[in-house]
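>
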Amino acid sequence: MTAALRRWFYDARVRAWISQAAVAGAMFGTIWYFVANASENMVKAGIASGFDFLWRTSGIDVPFKIVDYTPQNNIVDLLWVGVANTLLVSLLGMALATILGFLIGIARLSKNFLLRGLATGFVEFVRNIPLLLFVFFWYFGVIRALPPPRDSFGAFDTFFLNNRGLYVPAPTEGHPFAAVSVAFAIGVALFLVLRAWAVKRQAATGKIFPIWAAGTALIVGVPLAAAIVVALTTSWSVPVRGGFNFRGGFVLVPEFVALLAALVTYTAGFVAEVVRGGILAVGKGQKEAAASLGLTPGQTLRLIVVPQALRVMVPPMTSQYLNLLKNSSFGAAIAYPEIVSVFMGSALNATGQAIEIIAITLAIYLVAGLAVSMFMNWYNARIALVTR
Amino acid sequence: MKALAWARANLFATWIDAAITLACIWVVWRFLPPLLDWTIFKAAWLGDDRSACSAGGACWVFIRARFDQFMYGLYPAAQTWRIDIAGALLVILGVWAGWRRLPGKRYAIPAVLVVYPFVGIWLLLGGFGGLPYVETRQWGGLMLTVFMTVYAGIFAFPLGVLLALGRQSNLPVIRTISVAFIEFWRGVPIIAVIFLASLLLPLILPINVDRLIRAVVGLTLVIAAYMAEAIRGGLQAVPKGQYEAAAALGLGYWRATILIVLPQALRISLPALANEFIALSKNTTLVLIVSLFDLLGIVHAASADPKWVGYNVEGYVFAGTIFWFACFAMSRWSASLERRLGAARSH
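Residue numbers (my numbering), protein chains in the order written: chain A, 4 to 391; chain B, 30 to 376.
#1: Taking three-plus beta-carbon pairs below 8 Å as touching, is the region 238-251 of chain B in contact with the region 331-350 of chain B?
#2: What's the C-alpha gap between W67 (chain B) and T60 (chain A)?
#3: From Y180 (chain B) to P146 (chain B), what does the alpha carbon distance come to, in whole angstroms?
#4: Please specify which runs of the alpha helix (DSSP H), each continuous and at least 4 residues long, are wholly inside the region 156-230 of chain B, giving them in chain order.
#5: Since I believe V222 (chain B) is in contact with P231 (chain B) (beta carbons under 8 Å), could you give me their beta-carbon distance rounded to a whole number of angstroms?
#6: In whole angstroms, what separates the C-alpha of L197 (chain A) from that of W83 (chain A)?
#7: Which word fits L128 (chain B), buried or exposed, when buried means at least 16 other C-beta atoms lie within 10 angstroms of its C-beta?
#8: What did DSSP end up calling L164 (chain A) once you bin it into helix, strand or coil?
#9: Give me the chain B residues within the contact set of F194 (chain A), using Cβ-Cβ distance strictly less than 7 Å, ordered along the chain.
#10: According to DSSP, simplified to helix, strand and coil, what is T237 (chain A)?
#11: Smallest Cα separation from A1 (chain A): which of A:R314, A:I222, A:L283, A:A366?
#12: Can you give me the C-alpha to C-alpha distance between R244 (chain A) and L328 (chain A), rounded to a whole angstrom?
#13: What residue range does the alpha helix (DSSP H) around V57 (chain B) cover?
#14: Per the contact definition of three or more C-beta pairs closer than 8 Å, is the region 253-261 of chain A in contact with the region 131-148 of chain A?
#15: Given a limit of 8 Å on CB to CB distance, which residues of the region 350-383 of chain A reach chain B?
#16: Measuring CB to CB, does A350 (chain A) end up less than 7 Å from L81 (chain A)?
#17: Would you mind listing the alpha helix (DSSP H) stretches within the region 102-181 of chain A that are 4+ residues and don't spill past its ends, in chain order?
#18: Against chain A, with Cβ distances strictly below 7 Å, would W353 (chain B) count as a contact?
#19: Where do the ends of the alpha helix (DSSP H) carrying V246 (chain B) lie?
#20: Whole-angstrom Cβ separation of L191 (chain B) and A19 (chain A), contact assumed at under 8 Å?
#21: Throw me the rounded Cβ distance for the I45 (chain B) and L117 (chain A) pair, which I believe falls under 8 Å.
#22: Suppose the cutoff is 6 Å on Cβ atoms and the five residues either side in sequence are ignored; what does the same chain contact list for A294 (chain B) look like?
#23: Comparing the C-beta of V273 (chain A) with each C-beta of chain B, is any distance below 7 Å?
#24: Please report the straight-line C-alpha distance between R135 (chain B) and F357 (chain B), rounded to a whole angstrom.
#25: Look at the alpha carbon of E273 (chain B) and the alpha carbon of S322 (chain A), and state the distance between them as a whole number of angstroms.
#26: According to DSSP, which residues form a beta bridge with V254 (chain A)?
#27: By a C-beta neighbour count over all protein chains shown, 10 Å radius and 16 as the cutoff for buried, is E291 (chain A) buried or exposed?
#28: Compare the C-beta of F253 (chain A) with all C-beta atoms of chain B and state if any pair is closer than 7 Å.
#29: How big is the Cα-Cα spacing for G157 (chain A) and P242 (chain A)?
#30: Does the count of Cβ pairs from the region 205-214 of chain B and the region 140-159 of chain B closer than 8 Å reach three?
#31: Which chain A residues sit within Cβ distance under 9 Å of D46 (chain B)?
#32: Within the chosen definition, does the region 324-334 of chain B reach the region 343-355 of chain B through at least 3 CB pairs nearer than 8 Å?
#33: At the level of alpha carbons, what is the spacing between F56 (chain A) and G355 (chain A)?
#34: CB of G155 (chain B) to nearest heavy atom of the ligand ATP: below 6 Å?
#35: How should P226 (chain A) be labelled, buried or exposed, when 16 other C-beta atoms within 10 angstroms of its C-beta is the threshold for buried?
#36: Taking 7 Å as the threshold (C-beta atoms), are V26 (chain A) and I203 (chain B) in contact?
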């Protein structure tokens, strides 16, 4: 080897190019090999390719859906049924797991020995057991073991719980509760306006406006009022006991109830640890400093502890939410019709087009995960420490 | 008097505290005795079939009758000693590699990561060296759970190290590929990955792949992506001066990485690695959707047997107890590592 060639060969930039080209080449080679095999095997097995199958009539019935769908609809509509069911159980699960997790996390820091012990026991119990076991336990061990419809547990003669699910009243037509989300948006907007005004006034005059009480009243009160108005003005279909089963109302199927219960109890154990870590991360000196400034305990909690604890909690909470979203796919194990079960299960059995169906399913999870992390990153940036 | 003072400080400090204490006592009093009755005092322990069980308590006879199946699956009864030896070997090597006080770590870790996989396969699968062949279709129960967890972990570890290094690399192509790979497998549910592996592997490879291998491949990809993130944390925690000192000594990338950076980074990331491993070992239970019967899967299947129908909760409690002890022990080990690491770094 000549000296020039050797110098060229030992140049860091040349080396960088060579190694990157080698890795990229190996990767594309592998992918090409897989694709070649796949197309050959698909021809051999007579599997069609392309996305035309999405517009074929599905012929698949789904026992639980919150969007309009019949087996005469096409496969794209079936996909939406799955997406809606996944989102329903995930969003509800996130909300409930957050509430339960906060309560348990705070209980773990309680000065009360018994309460702390119970909360710690719950967390240690939950975190070391597979989620699938929870799902099975709630489904086969609890919900399926409930009494049959004629011996249901009832509340106010409108809600009934038995081994066929949870029966709740439903509006007879349309979606009148859309008005509630509009009212919620209005409440939030009013709160933001009010807060801007209160901040300005405090800066100018030093007078403190009870913004949190007013804000809670607006954000909770406005939608609540709207819900009451809607509930009183629409006609309801209330579940009524028939011969062997209930008629009317809306059934939350056992699969849904069990999956939700499993996701909430399991995730709450992890959320509790995040909450505890966040609160412990706020230094004692912060609380003492706040007290010496003359802030009340309530103000200390609201203005000093919570903002700093939130900053620590947001990244791990994001990953808990993402986990919950992905874990909603455990519903496939008990045939709750979420994406994996209706699309990777039923639709794939009906069409046989594995590659397309898997690609679509994974893409949906990646997009949904991206949406959750973008929202949480935006929130994180908002509450992040601003330094000079 | 001391007890009274303690109770006053810890249970009845304020009126609210007292109310909480009473509520907790009520919860314990209401739920603990029936639970103990069910699990212990009214439970049936002895017998051969369900006639030995009564309505008031648990039917542990079910576990007793099916115990071998829960441990070994459908593995031929005359050959189960092979599983026992493989398991004992795993425990011995694991303790040797994981317990600080034992000497010879430089042999223990290669023994677990390199030698054991071959010995384990030979013992379990057989087919040569005097052991009759047992096909993977007969594997099941706890043995399958441990097998999948250990092998997926062993395969995932080197892949995770490479991905973490790739993500920290300053070569853009390699970094992009690593980031895409890690984020892709972390972003999709593990159940979908197991489906994917079991459906796509036979399509994209010219040969037919064993069902168990497909599941292990799927698990490996996911575990590797999560491990890579844990190791990246360790790599970022190694002070920059270490990289610079290695470069100043004239070490190239690979030698600097293997001799200087990785030993420190891996030690730092060990607790995080262990936590990822615990989280994912719980998810091996999902293989039951591709009809592999791991511990939970076989318990679930056995409780659908007409002979034992209605005793599924006993089965879940049994499987849950095993998982709980295994995961709890691992998490304690990881926590003690973390504490020691913290103490060592604060000097």
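Beta carbons: idealized from backbone N, C-alpha and C, even for Gly.
Note that the coordinates shown come from a computational prediction; the quantities given were computed from them, not determined experimentally.
Judging by the given coordinates:
#1: Contact fails: fewer than three Cβ-Cβ distances are below 8 Å.
#2: 51 Å
#3: 7 Å
#4: 170-197, 201-216
#5: Approximately 16 Å separates the beta-carbon atoms of P231 (chain B) and V222 (chain B); this is outside 8 Å, ruling out the contact.
#6: Straight-line Cα distance between these residues: approximately 39 Å.
#7: The question names Leu, but residue 128 (chain B) in the sequence shown is Trp. So W128 (chain B) counts as exposed.
#8: strand
#9: Near F194 (chain A) there are no residues of chain B at all, since even the closest Cβ is about 30 Å away, more than 7 Å.
#10: coil
#11: Nothing about residue 1 (chain A) can be read from this structure; chain A reaches only from 4 to 391.
#12: 35 Å
#13: 44-65
#14: The region 131-148 of chain A is in contact with the region 253-261 of chain A.
#15: L351, A357, I358, I361, T364, L365, Y368, L369, G372, L373
#16: yes
#17: If we require 4 residues or more, the alpha helix (DSSP H) runs fully inside the region 102-181 of chain A come out as 116-130, 134-139.
#18: yes
#19: Element bounds for V246 (chain B): 240-266.
#20: Going by Cβ atoms, the distance from L191 (chain B) to A19 (chain A) rounds to 17 Å, so no, they are not a contact pair.
#21: I45 (chain B) to L117 (chain A), Cβ: 13 Å. No contact.
#22: G263, L264, V267
#23: Sequence check: residue 273 (chain A) is Phe here, not Val. At least 7 Å separates the CB of F273 (chain A) from every CB of chain B.
#24: 27 Å
#25: If you draw a straight line from the Cα of E273 (chain B) to the Cα of S322 (chain A), it is about 34 Å long.
#26: A:Y170
#27: exposed
#28: Among the residues facing chain B, F253 (chain A) is not included, as its CB has no counterpart in that chain under 7 Å away.
#29: 11 Å
#30: Result no; under three Cβ-Cβ pairs closer than 8 Å.
#31: S113, K114, N115, L118
#32: yes
#33: 10 Å
#34: Here there are no bound small molecules, and the ligand ATP is not part of this structure.
#35: Counting of Cβ neighbours within 10 angstroms places P226 (chain A) among the buried residues, the total reaching 16 or more.
#36: yes
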